[in-house]
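Notes for the one structure printed next.
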Amino acid sequence: QVQLVESGGGLVQAGGSLRLSCAASRIIFSIATMGWYRQAPGKQRELVAQITRGGSTNYADSVKGRFTISRDNPKSTVYLQMNSLKPEDTAVYYCNFKGQTDYWGQGTQVTVSS
């Protein structure tokens, strides 16, 4: 059973920073495409950032230049560094692994106050 465990969410003021972590188990992490998605109340879940096995990244336009996704293969962990946070970044953030199907973590709440 694939396990993805997120941590690092919380409450922060606009302009602040947070770093999310997602520890994966029971996958061959080094070849996995990993991603971060978010879902705000009343909205669909959307891709925030993704990183391939080779380290290629892509970002939602709304977070480009502010968020950075990275991975530590020996630790089977993917990170999302979020800087210059805005109130519209408020959402539940989910870690994603694209295997034979999509696997999701339990989510971590990020709240940005104005």
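Per our numbering: the sequence shown = residues -16 to 97.
Every residue, glycine too, gets a C-beta built ideally from N, C-alpha and C.
Under a 10 Å Cβ-count criterion, Q33 is classified as buried, with 16 or more other Cβ atoms of the shown protein chains found around its own Cβ.
A direct Cα-Cα distance of roughly 21 Å separates N66 from N79. When DSSP states are grouped into helix, strand and coil, K47 belongs to the coil group. Between the stretch 59 to 77 and the stretch -8 to 6, the count of C-beta pairs closer than 8 Å reaches three or more; the two stretches touch. When rounded, the separation of the alpha-carbon atoms in A43 and E29 is 9 Å. The beta-carbon separation of L1 and V75, rounded to 13 Å, does not stay under the 8 Å limit for a contact. For I34, the secondary structure class from DSSP, reduced to helix, strand or coil, is strand.
Straight-line spacing of the CA atoms in T16 and K81 works out to 6 Å. The C-alpha of S53 is placed about 11 Å away from the C-alpha of R36.
At a Cβ-Cβ threshold of 8 Å, L68 and G(-2) count as neighbours. Per DSSP, the unbroken beta strand (DSSP E) holding K81 starts and ends at 74 to 81.
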